[in-house]
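> This is the structure I have questions about; it appears just below.
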Amino acid sequence: MENLNSAVETLIHGSNTLFILLGAVMVLAMHAGFAFLEVGTVRQKNQVNALSKIISDFAVSTLAYFFIGYWVAYGVTFLVPATALTADHGYALVKFFFLLTFAAAIPAIISGGIAERAKFGPQLCATVLIVAFIYPFFEGLVWNGNFGLQAWLAARFGASFHDFAGSVVVHAMGGWLAFGAVTLLGRRDGRYRDGRLVAFAPSSIPFLALGSWILIVGWFGFNVMSAQTLTGVSGLVAVNSLMAMVGGTVAALFVGRNDPGFLHNGPLAGLVAICAGSDLMHPVGALMTGLIAGGLFVWAFTATQVKWRIDDVLGVWPLHGLCGVWGGIACGVFGQEVLGGLGGVSLLSQLIGTGLGVLVALAGGFLVYGVLKALTGIRLSQEEEYYGADLSIHKIGAVSQD
């Protein structure tokens, strides 16, 4: 009997380790999606910089999260003998790997907003500070119950703040951090002339579309594998993610009037919004969540660029910031049993948790980028911006005419 129990335990731990490792690899692949979405959206003279930022940010994020951020969020350190790390087939290590890919998504999100005019070195410094301290602080509040916030919400409103896969913890945080960075950076030279918006056309719609598709596929690892164990996996999460993605696509298609940029960001808007409540909603509720997110993105992106004149290159604040906020709220609406959801969620807790995430991200974004702006500067010179970040920073262009 002891041998049987041991064999079953080994199978369970091994299966869980493989399950979350596959999730980590799928979300790691999403960073290629972030890269190509940015490459396709920016002008050709900034494509090399887009690719270089994403992979460099990931490397720096790994170091910051391994040595500091994961400890801040979960109180866990890996500075112990390797014999201790191999327990349960090294499940704790691959859990770190999985959650690292979430943490590293924050600078990847910010990268799209600050594209074409941000200095390279200061952005890497910002990545360290954000992934080591700001993101893990809020991550720990929500996903590890730090400082008793979740316990207080549950006692006061009947349910804690629910964010299954990070509509607020990851996406809204990234989007609102980017808002601070974009605001402090200012607009790209020539973006507005005589009070009117000047169109900077995307360099490559095929690359933009490729980035979108990579993100869409990887998102099923992002959402489904957030269960973190095989026993917790749910087909409801997968189908809700699918329905929200489709809803976002359809809304962006019609509201965006066939514009390919809107069309390929629409599914991402739906997926951002469904992360929080994908394990609770009915598929029809997920579809509604995606439809609203897709329309919200198109409206907010247009208003940001045209009315408010905030030069957010990829629209990461509308896409991740606003749609992430909508996802946190939508979880409290469509997660209710009366609307076909599984219940166990409080709208008031969702509003408080979402609002707190926005406040932490806003304060963190303005603090980090404000300090860096004062100490080192965060923007390329006018001449460097004119020639493009590729030649100014990396000394090589994306294509050769030879």
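The numbering of the sequence shown is the UniProt record's numbering, which starts it at 1 and goes up by one.
All C-beta atoms, glycine included, are put in the ideal place defined by N, C-alpha and C.
1. Exposed or buried, what is V131 when buried is set at 16 or more other beta-carbons lying within 10 Å of its beta-carbon?
2. According to DSSP, simplified to helix, strand and coil, what is L380?
3. Is there contact between the segment 201-213 and the segment 139-148, where contact requires at least three CB pairs shorter than 8 Å?
4. Checking 8 Å against the spacing of the C-beta atoms, do G327 and A276 come in under that value?
5. Mark Q305 as exposed unless 16 or more other C-beta atoms lie within 10 angstroms of its C-beta, in which case mark it buried.
6. Where DSSP assigns a beta bridge to A118, which residues make up the other side?
7. With a floor of 4 residues, list each alpha helix (DSSP H) that falls wholly inside the segment 24-104, ordered by position along the chain.
8. Excluding sequence positions up to five away, which residues of its chain have a Cβ less than 6 Å from the Cβ of T41?
9. So if DSSP puts L197 in a beta bridge, which residue, or which two residues, is it bridged to?
10. Using C-beta distances below 6 Å, list every residue in its chain close to A35, excluding the 5 sequence neighbours before and after it, in chain order.
11. Over what stretch of residues does the alpha helix (DSSP H) that includes A286 continue unbroken?
12. Does DSSP put D390 in a helix, in a strand, or in coil?
13. Can at least three beta-carbon pairs, one atom from the segment 172-186 and one from the segment 281-297, be found at a separation below 8 Å?
14. Report the option in F98, W143, L339, Q228 whose CA atom is closest to the CA atom of I12.
15. Distance, Cα to Cα, G5 vs M173?
16. Along the chain, where does the alpha helix (DSSP H) that runs through E337 open and close?
17. Answer yes or no: the CB of N144 versus the heavy atoms of the ligand HEM, is any distance below 7 Å?
18. Quick check: C323 and Q350, are their CB atoms within less than 8 Å of each other?
19. Helix, strand or coil: how does DSSP classify I205 here?
20. Tell me which residues share the same chain as L153 and place their Cβ nearer than 6 Å to its Cβ, disregarding the 5 neighbours each side in the sequence.
21. Tell me which residue opens and which closes the alpha helix (DSSP H) that V142 is part of.
22. Measure the CB-CB distance between A105 and V168 and report whether it falls below 8 Å.
23. Our contact map puts G248 next to G232 with C-beta atoms below 8 Å; I'd like the distance itself, whole angstroms only.
24. Which residue marks the beginning of the alpha helix (DSSP H) containing I274, and which one marks its end?
25. Does W308 pass the burial test, meaning 16 or more other C-beta atoms within 10 Å, or should it be called exposed?
26. Which two residues bound the contiguous alpha helix (DSSP H) that contains V250?
27. What is the C-beta distance between A118 and I378, in whole angstroms, given that I count them as a contact (C-beta under 8 Å)?
28. Would you call the segment 253-273 and the segment 293-300 in contact, with 3 or more CB pairs under 8 Å?
A quick look at the data gives this:
1. V131 should be labelled buried.
2. coil
3. no
4. yes
5. buried
6. R379
7. The segment 24-104 contains these whole alpha helix (DSSP H) runs: 47-64, 70-74, 82-85, 91-103.
8. P202, L208, L314
9. Y192
10. L51, I54
11. 283-302
12. Taken through DSSP and simplified to helix, strand or coil, D390 comes out as helix.
13. no
14. Q228
15. The residue you asked about is not Gly; residue 5 is Asn in the sequence shown. Near 43 Å, if we compare the C-alpha coordinates of M173 and N5.
16. Unbroken run through E337: none, as it is neither H nor E.
17. In the structure on display, the ligand HEM does not appear, and there are no ligands present to speak of.
18. no
19. helix
20. Excluding its 5 nearest sequence neighbours in each direction, L153 has C-beta neighbours in its own chain below 6 Å: S160, F161, S349, listed in chain order.
21. 135-143
22. no
23. Not a contact, Cβ separation roughly 26 Å.
24. 260-274
25. With a threshold of 16 other beta carbon atoms within 10 Å, W308 falls short and is exposed.
26. 235-255
27. 6 Å
28. yes
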